[in-house]
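Just so you know, the protein sequences line up as chains A and B, in that order.
Reading the first sequence from the start, the letters are residues 1 to 592 in full-length UniProt numbering.
Reading the second sequence from the start, the letters are residues 1 to 592 in full-length UniProt numbering.
Cβ coordinates follow ideal geometry from the N, Cα and C atoms, glycine included.
Computed from a predicted structure; not experimentally measured.
Here is the structure we will look at.
Number of protein chains: 2
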Amino acid sequence: MRTHYCGELNSRHEGEEVVLCGWVHRRRDHGGVIFVDLRDRDGLVQVVLDPDRAEVFARAEQVRSEYVLKVSGRVRARPRGTVNPDLPTGEIEVLGLDLDILNPSETPPIQLDEHGIEVSEELRLRYRYLDLRRPEMQARLRTRSLVTRTLRGFLDAHGFLDIETPILTKSTPEGARDYLVPSRTHPGEFFALPQSPQLFKQLLMMSGLDRYYQIARCFRDEDLRADRQPEFTQLDIEVSFLDEEALMGIMEGMIRTLFREVQGVELPEPFPRLTYAEAMRRFGSDRPDLRVPLELVDVADVLGGVDFKVFAEPARDPHGRVVALRLPGGGELTRKEIEGYTQFVAIYGAKGLAYIKVNAWNEQGREGLQSPILKFLPDQAIDAIMTRTAASDGDLIFFGADQAQVVNESMGALRVRLGQDRGLLAAGWYPLWVVDFPMFERDANSGRWMALHHPFTAPKDEHLERLESDPGTCLSRAYDLVLNGTEIGGGSIRIHRDAVQRRVFDLLAISPEQAEDRFGFLLKALRFGCPPHGGIAFGLDRLVMLMTGATSIRDVMAFPKTQSAACLLTDAPASVDEAQLKELGLRIRTKG
Amino acid sequence: MRTHYCGELNSRHEGEEVVLCGWVHRRRDHGGVIFVDLRDRDGLVQVVLDPDRAEVFARAEQVRSEYVLKVSGRVRARPRGTVNPDLPTGEIEVLGLDLDILNPSETPPIQLDEHGIEVSEELRLRYRYLDLRRPEMQARLRTRSLVTRTLRGFLDAHGFLDIETPILTKSTPEGARDYLVPSRTHPGEFFALPQSPQLFKQLLMMSGLDRYYQIARCFRDEDLRADRQPEFTQLDIEVSFLDEEALMGIMEGMIRTLFREVQGVELPEPFPRLTYAEAMRRFGSDRPDLRVPLELVDVADVLGGVDFKVFAEPARDPHGRVVALRLPGGGELTRKEIEGYTQFVAIYGAKGLAYIKVNAWNEQGREGLQSPILKFLPDQAIDAIMTRTAASDGDLIFFGADQAQVVNESMGALRVRLGQDRGLLAAGWYPLWVVDFPMFERDANSGRWMALHHPFTAPKDEHLERLESDPGTCLSRAYDLVLNGTEIGGGSIRIHRDAVQRRVFDLLAISPEQAEDRFGFLLKALRFGCPPHGGIAFGLDRLVMLMTGATSIRDVMAFPKTQSAACLLTDAPASVDEAQLKELGLRIRTKG
Chain A
1 MRTHYCGELN SRHEGEEVVL CGWVHRRRDH GGVIFVDLRD RDGLVQVVLD PDRAEVFARA
61 EQVRSEYVLK VSGRVRARPR GTVNPDLPTG EIEVLGLDLD ILNPSETPPI QLDEHGIEVS
121 EELRLRYRYL DLRRPEMQAR LRTRSLVTRT LRGFLDAHGF LDIETPILTK STPEGARDYL
181 VPSRTHPGEF FALPQSPQLF KQLLMMSGLD RYYQIARCFR DEDLRADRQP EFTQLDIEVS
241 FLDEEALMGI MEGMIRTLFR EVQGVELPEP FPRLTYAEAM RRFGSDRPDL RVPLELVDVA
301 DVLGGVDFKV FAEPARDPHG RVVALRLPGG GELTRKEIEG YTQFVAIYGA KGLAYIKVNA
361 WNEQGREGLQ SPILKFLPDQ AIDAIMTRTA ASDGDLIFFG ADQAQVVNES MGALRVRLGQ
421 DRGLLAAGWY PLWVVDFPMF ERDANSGRWM ALHHPFTAPK DEHLERLESD PGTCLSRAYD
481 LVLNGTEIGG GSIRIHRDAV QRRVFDLLAI SPEQAEDRFG FLLKALRFGC PPHGGIAFGL
541 DRLVMLMTGA TSIRDVMAFP KTQSAACLLT DAPASVDEAQ LKELGLRIRT KG
Chain B
1 MRTHYCGELN SRHEGEEVVL CGWVHRRRDH GGVIFVDLRD RDGLVQVVLD PDRAEVFARA
61 EQVRSEYVLK VSGRVRARPR GTVNPDLPTG EIEVLGLDLD ILNPSETPPI QLDEHGIEVS
121 EELRLRYRYL DLRRPEMQAR LRTRSLVTRT LRGFLDAHGF LDIETPILTK STPEGARDYL
181 VPSRTHPGEF FALPQSPQLF KQLLMMSGLD RYYQIARCFR DEDLRADRQP EFTQLDIEVS
241 FLDEEALMGI MEGMIRTLFR EVQGVELPEP FPRLTYAEAM RRFGSDRPDL RVPLELVDVA
301 DVLGGVDFKV FAEPARDPHG RVVALRLPGG GELTRKEIEG YTQFVAIYGA KGLAYIKVNA
361 WNEQGREGLQ SPILKFLPDQ AIDAIMTRTA ASDGDLIFFG ADQAQVVNES MGALRVRLGQ
421 DRGLLAAGWY PLWVVDFPMF ERDANSGRWM ALHHPFTAPK DEHLERLESD PGTCLSRAYD
481 LVLNGTEIGG GSIRIHRDAV QRRVFDLLAI SPEQAEDRFG FLLKALRFGC PPHGGIAFGL
541 DRLVMLMTGA TSIRDVMAFP KTQSAACLLT DAPASVDEAQ LKELGLRIRT KG
């Protein structure tokens with residue numbers, strides 16, 4: 001039906017006769033001539049219709065925004081002075097020789113031809129087919145397609161097989177709530193939609209398939225936080241007979257190839273690595289944003305004896321932590337700004353935000369500092385703080401003092417917030433592996449040991465013997481890949497021995513009966529020649545969001561759901577016939 | 001952990017030290033030496049362990065079938081006379097210098113080292129991780145991965161974007177039963193799992209994305225016939241601004257590329273085409289197997305007047321059909337064989353299977369024929385039948401006479417069955433487009449018009465005006481791709497005009513209210529500049545089944561379900577906690 005896409009025309013096509021199909025992005029009448037900006041997937045081109053061809057002109061007079069046209073015409077240079085340097089096709093225009101209206105359009109509720117007019121996300125989701133016509137949305141979906149193509153290309157070339165695993169399956173143990181699917185053939189029983197293909201990919205390794213990948217749809221019925229979706233996509237990978245070094249090496253190569261081919265950027269080789277312990281110590285986070293040039297500095301050792309309970313108590317508490325965070329040039333912060341940050345850290349449970357302004361330390365020493373807490377701090381403590389933080393005149397030092405978890409969360413978040421607010425973020429991409437995670441963490445409420453990753457993660461060989469005697473110090477063979485402060489991937493070497501898996505279940509207080517009921521098939525499979533194996537999964541939505549600079553994963557999905565897990569476009573979920581429920585052996589529970 | 005895959009070693013590696021990882025396929029002790037056939041994804045290699053290395057030998061003595069080993073050794077030529085020409089690695093063996101048992105195995109319930117021992121499919125599904133270790137299963141999954149890679153490569157190169165559509169969605173109108181997913185955030189309401197992404201891919205065209213594809217999981221809660229699965233995979237495609245000729249051309253190129261790259265076979269260019277009417281007339285089927293060199297021949301016109309009700313009544317009935325089917329060399333069929341075919345056609349509703357044996361027509365004419373019905377047939381009818389079927393001595397002619405649908409189904413099936421039984425199938429691949437389908441067919445029970453494809457299929461432009469006055473003769477812009485008697489793909493140009501869509505809904509007795517409730521969002525989208533568009537979907541499981549020569553789609557899926565839609569491996573579906581049901585606002589319906 002057409003000879004070219006609109007967006008591909010340029011001065012090299014001058015004089016050619018072309019046929020274009022697309023949407024009326026904008027129509028203007030000027031000097032007795034009609035100008036139509038015609039839009040397709042590739043871009044915009046200006047079509048000019050003059051009254052010389054009366055019949056064509058009469059049709060052109062009918063067109064409105066978002067009409068679908070087929071236009072035949074001749075490419076010509078734009079008259080001097082009307083070249084549009086902002087448009088790839090801006091040097092030329094198409095003189096319209098014929099025009100068919102393929103389909104009219106009602107006035108769209110979303111204006112596509114004006115920038116800067118903010119449309120509510122509700123309207124965008126309800127008329128998603130209009131929203132997706134916007135060039136920036138098309139560019140995001142195009143990038144997403146290119147990202148998956150590039151990832152697949154790399155994995156195919158490295159001997160990975162693309163294998164599909166079931167969507168209708170058994171409840172998986174990721175910890176979140178499952179979506180359930182009632183079975184008609186087994187009334188009263190349910191399938192679960194997978195939170196990840198974790199157990200199936202391990203079974204594929206037990207099947208000898210050696211290297212597996214899948215771009216897999218996953219499901220979590222969670223109360224949706226800021227940027228979660230009930231269904232999301234992960235690049236899921238598993239390999240046999242490789243240790244973590246080898247797997248991480250291949251994955252680095254994949255991500256490096258991705259950024260080279262899609263972004264034209266060379267990532268560092270190798271990616272830097274931090275242990276979990278060091279990441280928490282320096283950044284208060286296991287997914288530190290290395291673009292922010294600020295670090296937490298431990299000062300508990302010099303504050304344990306001061307006459308200021310706010311510092312002294314956590315400094316002496318083995319579960320407490322006291323840190324300083326120097327903000328270069330922070331001396332210029334106003335009282336109001338500092339008050340704002342105090343409210344910010346309160347979100348994370350911090351009870352206050354102490355600080356010292358460094359006005360003239362070099363010349364005046366202690367007299368050159370300004371702080372409500374200065375009076376509590378002896379010279380020795382101040383000297384130590386100033387030395388460790390390498391503070392100098394014009395800086396400000398924030399303090400966090402509380403239970404370690406509160407300090408890490410609040411000061412880790414403050415570090416990133418300050419980096420953003422103060423324009424301190426380095427440009428570019430900062431990937432990072434975080435390794436040496438603890439195997440377990442204690443649940444604050446129940447006091448029970450919980451798996452930090454999932455219960456199939458292998459402990460380090462050398463920690464295996466103290467699994468029961470000192471689980472808190474056992475490290476796992478897990479690894480996370482962090483990019484600019486976002487975890488984009490995570491995985492581990494798995495347990496491949498029946499006996500070890502049972503010991504871990506024991507420690508997690510999963511009884512043999514529960515284990516049998518939930519993972520019996522996996523435990524059984526471990527006894528029939530399970531190879532050493534491990535894997536990783538990447539959050540594709542989040543990765544594409546980062547790469548496209550979108551601010552929400554909803555902007556990199558064609559048909560996302562709202563925060564209440566509804567589709568405004570199709571009006572799903574919806575009620576169903578009583579007959580359907582009856583067939584499934586179900587009844588709607590009445591209130592009360 | 002390894003230097004090579006087992007299966008890649010050959011005489012070029014002689015003298016090299018290698019490290020292999022894999023499973024013990026077979027262990028034999030012979031002449032004081034242990035032979036281990038070590039297996040991995042790539043194949044088998046023979047490892048020889050001799051008592052010279054006492055410690056290694058002692059470990060080798062412990063190994064049993066399906067133990068996981070890491071073996072270091074040296075590649076050497078097999079001694080003269082022990083070369084195994086059936087094995088790609090059969091010229092060499094690996095002298096084991098070291099051996100680690102990475103994991104032992106209990107005795108597997110499926111023997112993997114013996115061919116010809118039939119294992120029940122139930123056992124295969126329950127221990128799928130063992131079944132998948134069989135080389136033929138691995139080869140199938142590997143081919144499947146290669147098939148999807150090749151299809152994607154073609155589509156990527158042709159400007160198609162890979163776009164994901166939702167799994168949690170609204171009931172789709174494919175006609176089969178939906179799987180439902182209760183919503184926790186909207187109690188009493190349900191998502192449906194998609195039977196296909198049909199409406200979403202049309203919406204993507206309305207979004208201006210121009211060319212879409214997806215390897216999409218689809219779901220149907222049907223009573224599983226022979227070779228259906230509750231979840232299956234289709235290659236889903238949709239394009240804008242292309243007519244059926246252009247789209248079929250691209251798709252032919254894709255399938256031709258696929259068979260060239262995966263099978264090393266050149267398919268015909270272009271693929272032959274049949275109209276629906278011709279396919280039914282000549283083969284009694286809209287998915288004829290062109291490997292079978294037999295055709296139905298209409299003979300109603302010469303039998304309407306005979307004194308034999310079985311023929312005469314359907315011959316005079318406008319809904320009846322009478323055909324002859326000549327089987328070359330069929331004169332040798334025994335009475336018992338003919339009886340068998342009579343029972344076979346009865347499955348399709350045929351009340352009998354008349355036949356004429358052509359013993360000596362050339363010399364004796366009518367006297368040379370043998371048939372219980374001969375006495376009813378005047379010379380003129382016999383002459384016409386013999387001429388039209390081109391029968392000659394030694395042949396047999398079967399007859400079908402009944403309602404056209406019964407004749408088509410029974411004689412179409414008999415045609416294929418005879419082709420198989422009599423070894424008449426041509427070798428190779430016979431693709432075929434079937435086009436010019438009717439828009440509608442009348443439901444036999446209700447008398448209502450039903451869409452032969454789906455209600456979004458466009459009628460041919462030239463039939464639009466008689467849509468209401470004579471729907472039975474309206475043809476659609478649908479097309480099916482048939483390969484060796486199996487429909488592997490089907491699609492259509494869609495309705496892109498609001499008014500036409502409403503007329504089709506009217507004709508299908510879908511009221512405006514029902515249309516609004518079920519497809520309101522689509523009808524609305526049609527009013528905002530919908531481009532002309534169309535698409536196609538290929539059944540990936542079935543295509544891979546054909547290409548791998550598997551006899552069931554279960555053999556080309558890693559984790560299929562049983563005929564009662566259960567997973568024997570994981571024991572899904574399963575019962576869930578009362579608390580989970582409560583959260584979903586559901587109650588199990590008690591009997592009675």
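**OP:** Can you pull the chain A residues whose beta carbon is under 7 Å from the beta carbon of B:H186, in chain order?
**Re:** A566, P573
Original post:
Could you give the distance in angstroms between the alpha-carbon of A:E367 and the alpha-carbon of A:A350?
Top reply: 28 Å
Subject >> Residues in the stretch 378-391 of chain B having any Cβ partner in chain A nearer than 9 Å >> reply: Hits within the stretch: zero.
**OP:** Tell me, to the nearest whole angstrom, how far the beta carbon of B:Y71 is from that of B:E14; I am working on the premise that it is less than 8 Å.
**Re:** In the sequence on display, residue 71 of chain B carries Val and not Tyr. No, B:V71 and B:E14 are not in contact; Cβ-Cβ is about 17 Å, not under 8 Å.
Original post:
With DSSP run on the structure shown, which of helix, strand or coil describes A:Y67?
Top reply: Here A:Y67 carries a coil assignment [DSSP, helix/strand/coil].
**OP:** Indicate the three-state DSSP secondary structure (helix, strand or coil) for B:W429 in the structure shown.
**Re:** In the structure shown, B:W429 sits in coil (DSSP, three-state: anything other than H, G, I, E or B).
**OP:** Examine the Cβ distances between the stretch 116-129 of chain A and the stretch 562-571 of chain A and report whether three or more of them are shorter than 8 Å.
**Re:** yes
Original post:
Can you tell which of B:A312, B:I101, B:M439 has the C-alpha that lies nearest to the C-alpha of B:L377?
Top reply: B:A312
Original post:
Is B:G208 close to chain A, meaning its C-beta is less than 8 Å from at least one C-beta of that chain?
Top reply: Closer than 8 Å: yes.
Subject >> Other residues of its chain near A:S207: CB distance less than 6 Å, five sequence neighbours each side excluded >> reply: none
**OP:** Measuring only between beta-carbons, confirm whether B:G340 sits less than 8 Å from chain A.
**Re:** no
Original post:
By the 10 Å Cβ neighbour count, where 16 or more other Cβ atoms means buried, how is B:P108 classified, buried or exposed?
Top reply: buried
Original post:
What residues from chain A crowd round B:T233, counting only those whose CB sits closer than 9 Å?
Top reply: Simply E164.
Subject >> Distance between A:V19 and A:R64 (C-alpha atoms, nearest Å) >> reply: 20 Å
Subject >> Supposed contact pair B:V482 and B:R291 - C-beta distance, whole angstroms, cut 8 Å >> reply: Actually they are not in contact, since the Cβ atoms of B:R291 and B:V482 sit about 11 Å apart, beyond 8 Å.
Subject >> Buried or exposed (CB count within 10 angstroms, at least 16 for buried), B:P459 >> reply: Around the C-beta of B:P459, 16 or more other C-beta atoms lie within 10 Å, and the residue is accordingly described as buried.
Original post:
What's the C-alpha gap between A:L258 and A:L267?
Top reply: 10 Å
**OP:** Please report the Cβ distance between A:T165 and A:A216, rounded to the nearest whole angstrom; I am assuming they are in contact, meaning their Cβ atoms lie under 8 Å.
**Re:** 7 Å
Original post:
Given that A:K582 touches chain B, what residues does it touch there, using C-beta distances under 8 Å?
Top reply: R589
Original post:
DSSP beta-bridge partners for B:R184?
Top reply: Beta-bridge pairing links B:R184 to no other residue.
Subject >> Beta-ladder partner(s) of A:R534, from DSSP >> reply: The amino acid occupying residue 534 of chain A in the given sequence is Gly; Arg does not appear at that position. Its beta-bridge partners are A:V239, A:I493.
Subject >> Unbroken alpha helix (DSSP H) run spanning B:G520, endpoints >> reply: 512-526
Original post:
In chain order, what residues of the same chain have a beta carbon less than 7 Å from the beta carbon of A:P182, not counting five sequence neighbours either side?
Top reply: F190, L584, L586
Original post:
Can the beta-carbon of B:F437 be found less than 8 Å from the beta-carbon of B:W449?
Top reply: no
Original post:
Looking at C-alpha atoms only, which residue of A:G352, A:L396, A:I92, A:A381 is the closest neighbour of A:G305?
Top reply: A:A381
**OP:** Compute the beta-carbon to beta-carbon distance between B:A315 and B:V323, rounded to the nearest angstrom, for a pair I have assumed lies under 8 Å.
**Re:** Between B:V323 and B:A315 the Cβ distance is about 10 Å, and since that is not below 8 Å, they are no contact.
Original post:
If you measure from the beta carbon of B:D227 to each beta carbon in chain A, is any gap under 8 Å?
Top reply: no
**OP:** Indicate whether at least one CB of chain B lies closer than 8 Å to the CB of A:G585.
**Re:** yes
Subject >> Residues near B:E409 by beta carbon distance below 6 Å, same chain, minus five either side >> reply: Shown here for B:E409: same chain residues with a beta carbon closer than 6 Å to its own, the five before and five after excluded, namely Y348 in chain order.
Subject >> 7 Å CB neighbourhood of B:D395 in its chain, flanking five on each side removed >> reply: R326, L327, P328, G329, G330, G331, V358
Subject >> Terminal residues of the alpha helix (DSSP H) in which B:D506 lies >> reply: 498-507
Subject >> 8 Å Cβ cutoff met for B:V416 and B:Y479 >> reply: no
Original post:
Is any beta-carbon of chain A found at less than 8 Å from that of B:H25?
Top reply: Proximity of B:H25 to chain A, defined by a Cβ-Cβ separation below 8 Å, is not satisfied.
Original post:
Per DSSP, what kind of secondary structure is B:G330 in: helix, strand or coil?
Top reply: helix
**OP:** Reducing DSSP to helix, strand and coil, say where A:L161 ends up.
**Re:** strand
Subject >> Reference B:E487; option with closest CA among B:F200, B:L568, B:F538, B:D29 >> reply: B:F538
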